[in-house]
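Asker:
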Amino acid sequence: MLQVPFIKENKDKVISRLAVRNIDATEMVESVIALDEKRKAIQTELDNTLAESNKLSKEIGMLFKSGKGAEANALKDQTAVLKEKSKTLSDDLNATTEELNSTLYKIPNVPHDSVPEGKSDEDNLETFREGDIPKLHDAAKPHWELAKDYNIIDFELGTKITGAGFPVYIDKGARLQRALIAYFLDKNTAAGYTEYQLPHLINEASGFGTGQLPDKEGQMYHVTGDNLYLIPTAEVPGTNIFRDTLVNEADLPISITGYTPCFRREAGSYGAHVRGLNRLHQFDKVEIIRVEHPDNSFKALEGMVEHIQGILKELELPYRILRLCGGDLTFTSVLTIDFEVYSAAQEKWLEVSSVSNFETYQANRLKLRFKNKDGKNEFAHTLNGSSLALPRILASILENYQTPEGIKVPKALIPYTGFDIIN
RNA sequence: GGAGAAGUGGCAGAGUGGUCGAAUGCGGCAGUCUUGAAAACUGUUGAGGGUCACACCUCCGGGGGUUCGAAUCCCUCAUUCUCCGCCA
Numbered sequence: 001m002l003q004v005p006f007i008k009e010n011k012d013k014v015i016s017r018l019a020v021r022n023i024d025a026t027e028m029v030e031s032v033i034a035l036d037e038k039r040k041a042i043q044t045e046l047d048n049t050l051a052e053s054n055k056l057s058k059e060i061g062m063l064f065k066s067g068k069g070a071e072a073n074a075l076k077d078q079t080a081v082l083k084e085k086s087k088t089l090s091d092d093l094n095a096t097t098e099e100l101n102s103t104l105y106k107i108p109n110v111p112h113d114s115v116p117e118g119k120s121d122e123d124n125l126e127t128f129r130e131g132d133i134p135k136l137h138d139a140a141k142p143h144w145e146l147a148k149d150y151n152i153i154d155f156e157l158g159t160k161i162t163g164a165g166f167p168v169y170i171d172k173g174a175r176l177q178r179a180l181i182a183y184f185l186d187k188n189t190a191a192g193y194t195e196y197q198l199p200h201l202i203n204e205a206s207g208f209g210t211g212q213l214p215d216k217e218g219q220m221y222h223v224t225g226d227n228l229y230l231i232p233t234a235e236v237p238g239t240n241i242f243r244d245t246l247v248n249e250a251d252l253p254i255s256i257t258g259y260t261p262c263f264r265r266e267a268g269s270y271g272a273h274v275r276g277l278n279r280l281h282q283f284d285k286v287e288i289i290r291v292e293h294p295d296n297s298f299k300a301l302e303g304m305v306e307h308i309q310g311i312l313k314e315l316e317l318p319y320r321i322l323r324l325c326g327g328d329l330t331f332t333s334v335l336t337i338d339f340e341v342y343s344a345a346q347e348k349w350l351e352v353s354s355v356s357n358f359e360t361y362q363a364n365r366l367k368l369r370f371k372n373k374d375g376k377n378e379f380a381h382t383l384n385g386s387s388l389a390l391p392r393i394l395a396s397i398l399e400n401y402q403t404p405e406g407i408k409v410p411k412a413l414i415p416y417t418g419f420d421i422i423n
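Numbering (the numbering used here), first residue to last: 1 to 423.
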């Protein structure tokens, strides 16, 4: 969430930049400022009441010590009134703080100056494009047909076992998945990211830490028996490593990577865009996460973008880079860069990675800080990105690399798969 | 799943009703010494709210209670450790 002093000092800017997200935050911003003023007033009154009460208690203690029991008992009566008053005030304070926080939770992060205006993904700004779109043979097919022809992914079987959106990968399909995971992790660790294996279920506190809760619980699978949630992305367990921590400035940046399955309810999705691997309830993803010094976070974002570019180039997939417009920007992000890969048989671009800088928005909720040169605790910046998400990479490999003889394996992956063609 | 124990500042670790926001050590920061560094020595060093700055308030796993007063007593929840059971 945003910090109240920041909102106060940059009120007009906050409102005007949030307008890029097509929301009018005027009312929420005003309300935050008013509630904070109210909170301060109550806090001050409560503090004074408690100070008085503390003072009396000390006096009572001293009187008892010096054997003046009668005087002490007389003072006790006075404390009763103060106690009643402080009870009322603290209830009032709690209610106000809660109201303040719930308003803060509703205000998304303030988009970076470079974020273009726009309503939907159609308004995202393409900034770069590389790689040749392959010319496929006449009998070329979309990946869901290829998957069936070569028996490497069985969607119906997954439907039988679980439901739609839970595919079963078979034989070379499964090996290709495993190869991609290992390949991505190797690329990430070679770039300085430390590999982590993370829990696939998270508790409520973690959901709050990264912003999935309180508003977006409908997007996660909820294990009600234990009140845990299945992770929608490794970002959640990975970033919550740093919840309630004070890191050393010298340890920044912290870079971690991890492979996890991701579970998303995707309620309300339907139609052609969910066909095959395009949108699933369970999918695999390798994530990169960074905790950065505020001075360096945008440079770090650039570095992450270059890193992912390197992987897509090595896989020889045609890709483009987009700067998300305000309307498409995720709630917690200041700036998000998307990567899309061209899927030749579907003849469309598929999103395979999303890289974001959250600045202090997550750190504020997480209480992730470092001690700066002046000895003050300062919120760190957090960033993350997919490096990479598997299903659409797989889809584009299957489609782009298909030949009449079979599906070729990208050169970079052959050491990992142990085979060079699916036929 | 059963029995017992524990949780304190960045870390380790004392503290069993008032003088405790909390001894001590490590780490951090500043200084002395040194050509410089290390060592040694001296000083300083928790977080949040509040204030121009003070004052003041809150925080000893989370929540609740007893008391004029709680790190300390009681209840409760989650966690960790030890022993037993079960087990990939």
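Where a beta carbon is used, it is the ideal one built from N, C-alpha and C, also for glycine.
Source: prediction; values computed, not measured.
Just the Cα atoms here: how many angstroms apart are D91 and P5?
Answerer: On the first sequence, position 91 is the one that residue 91 refers to. On the first sequence, position 5 is the one that residue 5 refers to. Each residue's Cα considered, the two are about 24 Å apart.
Asker: Between Q43 and T96, what straight-line distance do the alpha-carbon atoms span, to the nearest angstrom?
Answerer: Working through the first sequence from its first residue, we reach residue 43 at position 43. Working through the first sequence from its first residue, we reach residue 96 at position 96. So the alpha carbons of these two residues sit roughly 10 Å apart.
Asker: Could you tell me the boundaries of the alpha helix (DSSP H) in which I60 lies?
Answerer: Along the first sequence, read from residue 1 onward, the residue named residue 60 stands at position 60. Here the alpha helix (DSSP H) through I60 covers T26 to K65.
Asker: Could you check the C-alpha separation between L324 and R21 for me, to the nearest Å?
Answerer: For the purposes of this step, residue 324 is taken as the residue at position 324 of the first sequence. For the purposes of this step, residue 21 is taken as the residue at position 21 of the first sequence. Spanning the two alpha carbons is a distance of roughly 11 Å.
Asker: Residues in its own chain within less than 7 Å of G158 by CB, not counting five upstream and five downstream?
Answerer: Working through the first sequence from its first residue, we reach residue 158 at position 158. F166, P167 and V168.
Asker: Nearest-angstrom Cα distance between E380 and P253?
Answerer: As a position in the first sequence, residue 380 is number 380, starting the count at 1. As a position in the first sequence, residue 253 is number 253, starting the count at 1. One detail in the question is off: residue 380 reads as Ala in this sequence, not Glu. Computed Cα separation, rounded: 10 Å.
Asker: Looking at the structure shown, is I107 part of a helix, part of a strand, or coil, going by DSSP?
Answerer: Here the question's residue 107 lines up with position 107 in the first sequence. Note: I107 maps to coil in three-state DSSP.
Asker: Kindly list the residues whose CB is nearer than 6 Å to the CB of H307, restricted to its own chain and excluding five residues on each side of it in sequence; keep chain order.
Answerer: For this step, residue 307 is matched to residue 307 along the first sequence. Once the five neighbours on either side are set aside, the close Cβ partners of H307 are A191.
Asker: Where does Q212 land, buried or exposed, given buried means 16+ other C-beta within 10 angstroms?
Answerer: The residue you call residue 212 lines up with position 212 of the first sequence. Buried.
Asker: Can you tell me the Cα-Cα spacing of P424 and N203, whole angstroms?
Answerer: Beyond the ends of the chain as shown, which are 1 and 423, falls residue 424; an answer cannot be given.
Asker: Which residues does DSSP list as the beta-bridge partners of L228?
Answerer: In the first sequence, residue 228 corresponds to position 228, counting from 1. Paired residues: V223.
Asker: Which value, in whole angstroms, describes the spacing of the CA atoms of E59 and K83?
Answerer: Position 59 of the first sequence, counted from the start, is the residue given in the question as residue 59. Position 83 of the first sequence, counted from the start, is the residue given in the question as residue 83. Cα to Cα, E59 sits roughly 16 Å from K83.
Asker: Should V108 and F263 be called a contact, given that it needs their Cβ atoms to be closer than 9 Å?
Answerer: Here residue 108 refers to the residue found at position 108 of the first sequence. Here residue 263 refers to the residue found at position 263 of the first sequence. The sequence shown places Pro at residue 108, not Val. Cβ distance not < 9 Å, so P108 and F263 don't count as in contact.
Asker: In the DSSP assignment, what are the bridge partners of F263?
Answerer: Within the first sequence, numbered from 1, the residue matching residue 263 stands at position 263. Paired residue(s): Q282.
Asker: Measure the alpha-carbon distance for P391 versus P232 and round it to whole angstroms.
Answerer: The sequence position of residue 391 within the first sequence is 391, counting from 1. The sequence position of residue 232 within the first sequence is 232, counting from 1. Taking the straight line joining both Cα atoms gives about 15 Å.
Asker: Rounded to the nearest angstrom, how far is the Cβ of Y105 from that of M1, given a contact under 8 Å?
Answerer: Counted from its first residue, the first sequence places residue 105 at position 105. Counted from its first residue, the first sequence places residue 1 at position 1. That pair is a contact at about 6 Å.
Asker: Pull up the DSSP beta-bridge partners for F339, would you.
Answerer: As a working mapping, residue 339 is identified with position 339 in the first sequence. According to DSSP, which records beta bridges pairwise, F339 is partnered with I321 and S353.
Asker: What do you reckon, are the CB atoms on R290 and T382 nearer than 9 Å?
Answerer: In the first sequence, counting from the first residue as 1, residue 290 sits at position 290. In the first sequence, counting from the first residue as 1, residue 382 sits at position 382. Closer than 9 Å, so yes.
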